[in-house]
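In my numbering, the protein residues as written are 39 to 381.
The structure is reproduced here in structure tokens:
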């Protein structure tokens, strides 16, 4: 059996909103934004929650809990400029799951420290804290056991290799062993393993009687190719993609990437979907899409407009490393198209 790993090696840019609670904190917010822009990161939106009236680039927040709730629903990261206590109280009602919660950072008014307090590994909060600290001259304060002990992190390994975590309880078992300084064994082979290992990477599903490993990781099997009209609403895009997956009995946790033509990679709906479901976006030029082999749906109009006769099917195959096969042909609704390739 051959296991195909689709790994996105390009570091994802930080994607957060900043919120400040004092005039001094607002200056730190501006400092963060300037440093990120100069450090080849994207500019962030800055919000504030105090009595003064600030102009651009600040937006006043009327209700901190509603504001925080919206970010959690979109899985948008948050940088709190202020006390950790404020951040903890704001996010507490919305914290649900370490595998889906957004990353949250806290820095003080003086930008002396940067502390990741949520989603350190899966949401990259730890790495972002280190990156932000480098840019603003702060000290990153990491408290996760695997980091402070310089130990192997099972969930970070899964994220970096775009692997699905099948039995999440196995993370604790592997992490506990790593923190003790013990070696971690990993097997990438047929299921079940020939001898006991800590981590098994396999295409097979876990069964109740499975033995021989602590943590089962599975390569994500599908790539979704998409096309859409300019400024397609997020709700329409999300509903359509989820319906296509559901209709074909594909769990979104098995999706390795969203793929499209380069002129569509910055569409707001696509970027928001990628952020919410933590699925990377891969984009291709028309020339790269034309290299994909297969029996694709053909559109003279699309070919004349963007230089290739089909975006979604070709993008799905291209995103699989040109080795995948189409398992869901082009499906269209409301100016959105999708096709799915199996890696």
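Even for Gly, the Cβ is constructed at its ideal location relative to N, Cα and C.
With DSSP as the reference, label residue i as helix, strand or coil.
| i | result |
| --- | --- |
| residue 300 | helix |
| residue 308 | helix |
| residue 131 | helix |
| residue 94 | coil |
| residue 331 | coil |
| residue 52 | coil |
| residue 43 | In this prediction, residue 43 has a pLDDT of 48, which is less than 50 and means its spatial position is unreliable; what the coordinates show is noted afterwards. Coil. |
| residue 249 | coil |
| residue 276 | helix |
| residue 216 | helix |
| residue 121 | coil |
| residue 290 | helix |
| residue 83 | strand |
| residue 346 | coil |
| residue 203 | strand |
| residue 88 | coil |
| residue 99 | coil |
| residue 183 | helix |
| residue 265 | strand |
| residue 337 | coil |
| residue 144 | strand |
| residue 226 | strand |
| residue 160 | coil |
| residue 382 | Because the chain here runs from 39 to 381, residue 382 falls outside it and cannot be looked at. |
| residue 238 | strand |
Measure the C-alpha to C-alpha separation of residue i and residue j and round it to an integer number of angstroms.
| i | j | result |
| --- | --- | --- |
| residue 170 | residue 142 | 13 Å |
| residue 163 | residue 188 | 16 Å |
| residue 62 | residue 148 | 8 Å |
| residue 282 | residue 376 | 8 Å |
| residue 80 | residue 152 | 18 Å |
| residue 350 | residue 262 | 8 Å |
| residue 66 | residue 138 | 28 Å |
| residue 110 | residue 132 | 7 Å |
| residue 199 | residue 226 | 13 Å |
| residue 287 | residue 363 | 17 Å |
| residue 211 | residue 256 | 18 Å |
| residue 53 | residue 120 | 19 Å |
| residue 330 | residue 85 | 45 Å |
| residue 43 | residue 106 | Note that residue 43 has pLDDT 48, beneath the 50 cutoff, so the model's placement of it is unreliable and the number below is only indicative. One C-alpha to the other measures close to 35 Å. |
| residue 311 | residue 318 | 10 Å |
| residue 41 | residue 214 | Any answer about residue 41 is weak, because its pLDDT of 44 lies below 50 and its placement is not dependable; what the coordinates show is given next. Straight-line Cα distance between these residues: approximately 27 Å. |
| residue 72 | residue 134 | 32 Å |
| residue 181 | residue 259 | 34 Å |
| residue 150 | residue 158 | 19 Å |
| residue 100 | residue 125 | 16 Å |
| residue 341 | residue 274 | 25 Å |
| residue 55 | residue 343 | 36 Å |
| residue 144 | residue 70 | 12 Å |
| residue 172 | residue 284 | 43 Å |
| residue 74 | residue 309 | 19 Å |
| residue 167 | residue 290 | 28 Å |
| residue 87 | residue 345 | 48 Å |
Relative to the C-alpha of residue i, which candidate in the options has its C-alpha closest?
| i | options | result |
| --- | --- | --- |
| residue 295 | 281, 282, 320 | 320 |
| residue 23 | 140, 231, 336 | Residue coverage of the chain in this structure runs from 39 to 381, which leaves residue 23 outside it and unanswerable. |
| residue 202 | 128, 348, 293, 77 | 293 |
| residue 276 | 125, 241, 313 | 313 |
| residue 205 | 240, 185, 217, 180 | 240 |
| residue 355 | 378, 347, 341, 207 | 378 |
| residue 51 | 220, 114, 135 | 114 |
| residue 190 | 217, 64, 300 | 217 |
| residue 224 | 215, 238, 213 | 238 |
| residue 58 | 274, 146, 220, 197 | 146 |
| residue 278 | 168, 233, 372, 89 | 372 |
| residue 253 | 230, 220, 209 | 209 |
| residue 127 | 136, 104, 285 | 104 |
| residue 118 | 112, 83, 136 | 83 |
| residue 220 | 345, 68, 236 | 236 |
| residue 60 | 77, 136, 89 | 89 |
May I ask you to list the residues that DSSP assigns as paired with residue i?
| i | result |
| --- | --- |
| residue 59 | Partner(s): none; residue 59 has no beta bridge. |
| residue 315 | BP columns for residue 315 are empty, so no partner. |
| residue 363 | 380 |
| residue 8 | Nothing in the structure corresponds to residue 8, since the chain is present only between 39 and 381. |
| residue 151 | 177 |
| residue 371 | 374 |
| residue 322 | 299 |
| residue 115 | 54 |
Check: Counting Cβ pairs closer than 8 Å, one from the stretch 261-276 and one from the stretch 289-308, do we hit at least three?
Finding: yes
Notebook entry, point to check: Would the stretch 166-185 and the stretch 83-94 be scored as touching if the rule is three or more Cβ pairs under 8 Å?
Noted result: no
Check: Taking three-plus beta-carbon pairs below 8 Å as touching, is the stretch 366-378 in contact with the stretch 323-330?
Finding: no
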